Structure formats: C-alpha cells, structure tokens
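*Asks:*
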Amino acid sequence: MTDAGGMGRLSYADPRLAVWLATLLVAMAAGLHVALSAYDTASFFDSVEPRYVSDEIYYVDTARRLLQNVFHANIDYYSYSGKTSDNYYNAEHPPLGKYIIALSMLLCGDRPLCWRLPSVVEAGLIPVILWAGLALAYRGLLGPIAGAAAALAAASDPVLRVMGSVAMLDIHQAFFTALAIALVANRRLIPAFTASGLAASVKMSGGAVVIATATIAASQTGGGVGRRLAVFAAGLLIGASVYLALYAPLVLYFGPLWVVEETINALKWHTTSRPPGPPASTVIGWIVNSNPFYLSLEGRIMAATTNTIVHATALGFAAIAILVELLEKGGRPRWPGVAHVYMFFILLLYTGVYLAGNRTLYSFYSVQLTPIAAAVIGEATAAMAAWRCGWSGSRTEGSKPQADIPEATA
Numbered sequence: 005m006t007d008a009g010g011m012g013r014l015s016y017a018d019p020r021l022a023v024w025l026a027t028l029l030v031a032m033a034a035g036l037h038v039a040l041s042a043y044d045t046a047s048f049f050d051s052v053e054p055r056y057v058s059d060e061i062y063y064v065d066t067a068r069r070l071l072q073n074v075f076h077a078n079i080d081y082y083s084y085s086g087k088t089s090d091n092y093y094n095a096e097h098p099p100l101g102k103y104i105i106a107l108s109m110l111l112c113g114d115r116p117l118c119w120r121l122p123s124v125v126e127a128g129l130i131p132v133i134l135w136a137g138l139a140l141a142y143r144g145l146l147g148p149i150a151g152a153a154a155a156l157a158a159a160s161d162p163v164l165r166v167m168g169s170v171a172m173l174d175i176h177q178a179f180f181t182a183l184a185i186a187l188v189a190n191r192r193l194i195p196a197f198t199a200s201g202l203a204a205s206v207k208m209s210g211g212a213v214v215i216a217t218a219t220i221a222a223s224q225t226g227g228g229v230g231r232r233l234a235v236f237a238a239g240l241l242i243g244a245s246v247y248l249a250l251y252a253p254l255v256l257y258f259g260p261l262w263v264v265e266e267t268i269n270a271l272k273w274h275t276t277s278r279p280p281g282p283p284a285s286t287v288i289g290w291i292v293n294s295n296p297f298y299l300s301l302e303g304r305i306m307a308a309t310t311n312t313i314v315h316a317t318a319l320g321f322a323a324i325a326i327l328v329e330l331l332e333k334g335g336r337p338r339w340p341g342v343a344h345v346y347m348f349f350i351l352l353l354y355t356g357v358y359l360a361g362n363r364t365l366y367s368f369y370s371v372q373l374t375p376i377a378a379a380v381i382g383e384a385t386a387a388m389a390a391w392r393c394g395w396s397g398s399r400t401e402g403s404k405p406q407a408d409i410p411e412a413t414a
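Just add 4 to wherever you are in the sequence shown, counting from 1, and you've got the working numbering.
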C-alpha cells in the first residue's frame with residue numbers, strides 16, 4: 005500500500021497506517037455527528053411542523069419557480085406557509101444555491117425534508133473534506149493529524165449543524181469553500197478555481213474565495229512575476245467563467261439585460277442595511293456570539309451561534325500566519341498552510357461591506373468561516389508539530405511545494 009502523503013510503501017503492520025485509519029474514522033465520526041444532528045432538526049420541521057424555517061421561503065419558492073417557469077419541470081408542487089411574489093427570483097443572490105434546492109425537489113419531491121437534504125449532506129461532508137485535503141497535503145503523520153484536528157474543529161461549531169438543517173444558501177457556499185481549500189492545498193489548481201467559482205455562484209461573498217484561491221495559486225507558482233500574474237489571472241477567469249455559466253438558464257429565459265440590471269441591484273442591496281428586524285451583528289460579533297440570528301423560535305429554538313474558542317483561536321493563528329508570511333526571508337515560507345489567506349479575504353470583504361453601509365450582517369453568514377477556521381486550526385496543528393516535535397512539515401511530492409518548508413525550524 006502506498007501512502008499519498010509521501011511516506012513511501014506501508015505494510016499493514018506499519019503503525020503509520022493505524023494513524024491514518026484512526027484519523028479517518030475521527031473525521032467520519034465528526035461528519036456523521038454533524039449530519040445526524042442536522043437531519044434530526046430538518047426532519048423535525050418536516051414531520052412535526054411542516055413549514056418554512058426563517059429565510060427558506062425566499063430560496064425554496066424561487067427554486068420552485070425556476071423548475072416551473074425556467075426548466076419546465078412537471079412534478080407535484082406544494083405550497084406551505086407564505087408565498088413570495090410570482091415574479092420573485094431572489095436575484096439578489098446568484099442562482100446555484102437555488103439550483104441545488106430545485107434538483108433536490110426534482111429527485112426527492114417538493115417537501116421540507118427534501119429541500120433540506122442537500123444541506124444535511126454537505127454539512128456532514130465538510131469535516132471529511134477538510135480531513136482529506138490536509139491529510140494529503142503534508143508528508144508523514146502531519147497530514148492525517150492536521151486533518152483530524154480540522155474535522156473536529158468544524159464539527160464542534162454549532163452554526164454548521166444549524167445551517168446544515170435548513171434550505172438556505174450559506175451552507176452550500178461553506179461546502180464549496182471547504183472544497184476549494186482542500187484542492188488548492190494539494191495544488192489541484194483548476195479544480196480549486198472551479199470550486200471557488202461555485203462558491204461565488206451561491207452568494208456574491210464567494211468572490212473573496214475566488215480571489216483567495218487565485219492569490220494562493222500565484223504564490224505557489226515558480227518563476228517570475230509575469231508567470232505568477234498569469235496564474236492569478238487564470239484563477240479569476242476560471243472562477244468568473246463558472247459564475248457566468250451558471251447564469252446561462254436565466255440569461256436564456258430573461259435575457260442578458262435583466263441579469264446585468266439585477267446584478268447591479270444586488271450589489272447595491274448588499275451594501276445597504278436591511279430594514280429593522282432580526283438581530284444583526286458584526287464580524288467580531290459572530291465570533292463572540294453578540295446578537296445571534298434566531299432561525300426559529302417556535303417548536304425548536306435555533307440560533308446561528310459559533311464555537312467562540314475555535315473561531316478566536318483560528319483568528320489568532322491566522323494573524324500569526326500572515327505575520328510570518330510577511331516576515332519570510334529568501335522566499336522560504338515558514339507557515340505550511342493556505343487557510344489563513346481565505347480568512348483574510350473573507351474578513352476583509354465583510355468589513356468592507358460593513359463600512360460601505362450594510363450594518364445588518366446576520367450571524368448565520370458565519371458558517372462560511374467554519375471550514376476556514378477549522379482548516380486554520382488543522383494547519384496550525386501541523387505547524388506546531390513540525391516546529392516543536394521535529395516532524396517533517398513539507399507538503400507532499402505530488403503537490404510540488406515552492407522551496408522547502410523548514411522541517412523543524414521556527
């Protein structure tokens with residue numbers, strides 16, 4: 005058996021194999037815990053109280069309308085509490101999240117549990133994706149241990165379980181963000197650019213994921229400035245192409261002018277505060293759970309709260325990582341990771357939106373930070389193990405690292 009992490013050939017008696025299997029089981033258990041918790045809540049609001057939860061009405065109603073009018077799908081449609089306007093298509097957000105809900109309706113049926121199943125599955129997969137991404141990104145035992153740390157950190161975040169139980173957009177964005185991190189950590193650049201484009205195609209804030217992925221890819225590229233700029237531009241181009249391609253059904257149905265006008269309106273909408281209503285917070289408020297957003301106050305109380313310890317610790321490690329990157333000498337990076345770049349651009353984007361005039365940043369947005377914070381925790385675990393224990397901190401040969409990451413140096 006050959007280890008993808010560059011350890012050479014493993015026998016079944018090799019203790020390293022036990023570490024890989026044990027950490028995989030940890031990641032799978034973490035993912036299963038998230039999925040079962042999310043499923044329990046999703047099914048509760050299906051069987052006990054079949055109704056829309058929080059903002060589901062906007063996305064589910066739009067998904068239903070897309071199936072009926074744009075894709076001409078002939079299925080049994082059902083109506084639950086409330087209904088949006090007949091010409092409402094949730095154009096303030098890109099269409100991918102609604103496509104996912106619509107596909108679930110098509111395959112499973114138009115009922116609350118079916119709307120929510122993609123969220124349940126994606127939430128449960130995030131810890132496993134993070135484990136796989138980090139496990140394959142480092143040599144030796146660093147990878148699986150870092151991956152297990154990331155999986156546990158993600159599973160411990162309440163907002164992941166809450167948002168995994170409802171048919172809203174943010175969990176889909178978090179899923180594609182996790183996928184982009186795992187892929188770019190292993191230098192699978194074109195798939196990583198594609199995943200980042202998918203994140204942006206769920207919500208516009210995914211544009212920060214596209215920029216972060218392109219930035220990391222450029223920094224990983226050898227050669228001169230011109231080559232790095234070319235890789236950066238390619239990342240933006242592929243991400244933008246994915247974004248535009250997913251608008252094709254709407255362009256064909258409404259025409260390109262409608263899409264352009266609605267995109268401009270959406271940009272204005274995202275930089276303007278909502279009317280007084282649900283509790284709004286700030287980026288720091290998300291971390292310390294100040295004014296959390298309540299998705300349900302009936303039947304089962306659900307608030308979008310985070311694991312403050314995980315997010316605050318990840319923020320601290322990300323700041324250290326950025327400082328280390330800025331102080332690196334001779335092109336020799338001393339922080340073996342990528343997730344801090346995502347955290348920087350996501351926080352920069354939301355801070356910019358806040359300063360531009362949108363004071364209604366709801367805490368459920370923070371689920372996009374869950375895989376990022378968890379990956380930072382995992383990469384910090386790898387860094388500390390490499391520097392303190394003298395383990396190899398290099399990336400795998402398959403990911404062709406830039407220069408040599410110090411194996412046991414501070």
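Ideal Cβ placement from N, Cα and C applies to all residues, glycine included. Just so you know, these numbers come straight off a predicted model, no measurement behind them.
Kindly list the residues whose CB is nearer than 7 Å to the CB of Val263, restricted to its own chain and excluding five residues on each side of it in sequence; keep chain order.
*Replies:* Counting from 1 along the sequence shown, the entry for residue 263 is found at position 259. Excluding positions up to five away in sequence, the list reads Tyr251, Leu254, Val255.
*Asks:* Helix, strand or coil for Ile142, going by three-state DSSP, please let me know.
*Replies:* Here residue 142 refers to the residue found at position 138 of the sequence shown. It should be pointed out that residue 142 corresponds to Tyr in this sequence rather than to Ile. Three-state DSSP puts Tyr142 in a strand.
*Asks:* Val235 to Ala218, Cα distance in whole Å?
*Replies:* Along the sequence shown, one-based indexing puts residue 235 at 231. Along the sequence shown, one-based indexing puts residue 218 at 214. Each residue's alpha carbon lies about 7 Å from the other.
*Asks:* At the level of alpha carbons, what is the spacing between Val314 and Asn73?
*Replies:* Locating residue 314 in the sequence shown gives position 310, counting from the first residue. Locating residue 73 in the sequence shown gives position 69, counting from the first residue. When rounded, the distance between both Cα atoms is 44 Å.
*Asks:* Is it right to say Tyr62 is buried, meaning 16 or more other beta carbons lie within 10 angstroms of its own, or is it exposed?
*Replies:* As a first step, residue 62 is located in the sequence shown; it is residue number 58 there, counting from the start. Its Cβ being crowded by 16 or more others within 10 Å, Tyr62 is buried.
*Asks:* In its own chain, which residues sit with a C-beta less than 8 Å from the C-beta of Met347, not counting the 5 before and 5 after it?
*Replies:* Residue 347 sits at position 343 when you count from the first residue of the sequence shown. Ala318, Leu319, Ala322, Leu373, Ile376, Ala377, Val380, listed in sequence order.
*Asks:* Decide if Lys102 is buried, meaning its Cβ has at least 16 other Cβ atoms within 10 Å, or exposed.
*Replies:* On the sequence shown, position 98 is the one that residue 102 refers to. It counts as buried.
*Asks:* Based on the DSSP secondary-structure assignment, which residues constitute the bridge partners of Leu365?
*Replies:* Translated into positions along the sequence shown, residue 365 becomes position 361. Bridge partners of Leu365: Ser285.
*Asks:* Measuring CB atoms only, is the region 129-137 touching the region 30-47, in the sense that at least three cross pairs come out at less than 8 Å?
*Replies:* With a cut-off of 8 Å, the region 30-47 and the region 129-137 count as touching, because enough Cβ pairs lie within range.
*Asks:* Under the assumption that Ala386 contacts Ala150 (Cβ atoms under 8 Å), give the Cβ distance between them as a whole number of angstroms.
*Replies:* In the sequence shown, counting from the first residue as 1, residue 386 sits at position 382. In the sequence shown, counting from the first residue as 1, residue 150 sits at position 146. Confirmed, Cβ separation roughly 4 Å.
*Asks:* Is the number of C-beta pairs between the region 276-284 and the region 359-370 that are closer than 8 Å three or more?
*Replies:* Result yes; three or more Cβ-Cβ pairs closer than 8 Å.
*Asks:* Using DSSP with H/G/I as helix, E/B as strand and the rest coil, what is Met32?
*Replies:* As a first step, residue 32 is located in the sequence shown; it is residue number 28 there, counting from the start. Helix, per DSSP.
*Asks:* Mind checking whether Arg165 and Ser41 have CB atoms under 8 Å apart?
*Replies:* Taking the first residue of the sequence shown as 1, we reach residue 165 at position 161. Taking the first residue of the sequence shown as 1, we reach residue 41 at position 37. For Arg165 and Ser41, yes; Cβs fall inside 8 Å.
*Asks:* So, with DSSP's three-state summary, where would you put Ser300?
*Replies:* For the purposes of this step, residue 300 is taken as the residue at position 296 of the sequence shown. Looking at Ser300 - three-state DSSP - the assignment turns out to be strand.
*Asks:* When we look at the beta-carbon of Asp4 and count the other beta-carbons within 10 Å, is it buried (16 or more) or exposed?
*Replies:* Nothing can be reported for residue 4: it is not among the residues displayed for the chain, which extend from 5 to 414.
*Asks:* What does Ala307 pair with, by DSSP beta-bridge criteria?
*Replies:* Along the sequence shown, one-based indexing puts residue 307 at 303. Beta-bridge pairing links Ala307 to Tyr298.
*Asks:* Under three-state DSSP, which class holds Leu40?
*Replies:* What you label residue 40 is simply residue 36 of the sequence shown in a count that begins at 1. Residue state, collapsed to three classes: helix.
*Asks:* Kindly list the residues whose CB is nearer than 6 Å to the CB of Ala308, restricted to its own chain and excluding five residues on each side of it in sequence; keep chain order.
*Replies:* Taking the sequence shown and counting its residues from 1, one reaches residue 308 at position 304. Excluding residues within five positions, the ones whose Cβ falls inside 6 Å are Val163, Val166, Pro296, Phe297, Ser367, Phe368.
*Asks:* Along the chain, where does the alpha helix (DSSP H) containing Ser108 start, and where does it finish?
*Replies:* Position 104 of the sequence shown holds residue 108. Element bounds for Ser108: 100-112.
*Asks:* Is the Cβ-Cβ distance between Ala216 and Val345 less than 8 Å?
*Replies:* Numbered from its first residue, the sequence shown carries residue 216 at position 212. Numbered from its first residue, the sequence shown carries residue 345 at position 341. Yes, Cβ-Cβ distance for Ala216 and Val345 is below 8 Å.
*Asks:* Would you say the region 154-162 touches the region 98-113, given that touching needs at least three Cβ pairs under 8 Å?
*Replies:* Touching, no.
*Asks:* Identify whether Thr88 lies in helix, strand or coil by the three-state DSSP scheme.
*Replies:* Working through the sequence shown from its first residue, we reach residue 88 at position 84. In this structure, Thr88 counts as coil in the three-state DSSP scheme.
*Asks:* Would the region 92-101 and the region 269-277 be scored as touching if the rule is three or more Cβ pairs under 8 Å?
*Replies:* Yes, they touch.
*Asks:* For the structure I just gave you, are there three or more beta carbon pairs, one from the region 231-245 and one from the region 64-81, closer than 8 Å?
*Replies:* Verdict: no, contact absent.
*Asks:* Would you decide whether Cys118 is buried or exposed? Buried here means 16 or more other CB atoms lie within 10 Å of its CB.
*Replies:* Walking along the sequence shown from the start, residue 118 turns up at place 114. It is buried - the Cβ of Cys118 has at least 16 other Cβ atoms within 10 Å.
*Asks:* For Val52, count the other beta carbons within 10 Å of its own beta carbon; 16 or more makes it buried, fewer makes it exposed. Which is it?
*Replies:* Looking up residue 52 in the sequence shown gives position 48. With fewer than 16 other Cβ atoms within 10 Å, it is exposed.
*Asks:* Do you know how far the Cα of Val125 is from the Cα of Gly226?
*Replies:* Working through the sequence shown from its first residue, we reach residue 226 at position 222. Working through the sequence shown from its first residue, we reach residue 125 at position 121. Rounded to the nearest angstrom, the two C-alpha atoms are 38 Å apart.
*Asks:* As a quick exercise: from Gln177, Val292, Ala203, pick the residue whose alpha carbon is nearest that of Ser245.
*Replies:* Taking the first residue of the sequence shown as position 1, residue 245 is located at position 241. The shortest Cα separation from Ser245 among Gln177, Val292, Ala203 belongs to Ala203.
*Asks:* Going by DSSP in three states, Leu254 sits in which element: helix, strand or coil?
*Replies:* Along the sequence shown, one-based indexing puts residue 254 at 250. In the structure shown, Leu254 sits in a helix (DSSP, three-state: H, G or I).
*Asks:* Which one of Pro19, Asp114, Asp50, Asp59 has the shortest CA to CA distance from Asp80?
*Replies:* Within the sequence shown, numbered from 1, the residue matching residue 80 stands at position 76. The shortest C-alpha separation from Asp80 is found at Asp114.
*Asks:* For Val3, which residues of its own chain have a beta-carbon under 7 Å away from its beta-carbon, when the five flanking residues on both sides are left out?
*Replies:* An answer regarding residue 3 cannot be provided, because it is not within the stretch 5 to 414 covered by the chain.
*Asks:* What do you reckon, are the CB atoms on Tyr247 and Gly201 nearer than 8 Å?
*Replies:* The residue labelled residue 247 in the question sits at position 243 within the sequence shown. The residue labelled residue 201 in the question sits at position 197 within the sequence shown. Contact flag set, yes.
*Asks:* Answer yes or no: do Ser300 and Ser58 have a C-beta to C-beta separation smaller than 8 Å?
*Replies:* Residue 300 sits at position 296 when you count from the first residue of the sequence shown. Residue 58 sits at position 54 when you count from the first residue of the sequence shown. Yes. Within cutoff.
*Asks:* Using the C-alpha atoms, what's the distance from Leu351 back to Phe179?
*Replies:* Here residue 179 refers to the residue found at position 175 when the sequence shown is read from its first residue. Here residue 351 refers to the residue found at position 347 when the sequence shown is read from its first residue. Roughly 18 Å between the two C-alpha positions.
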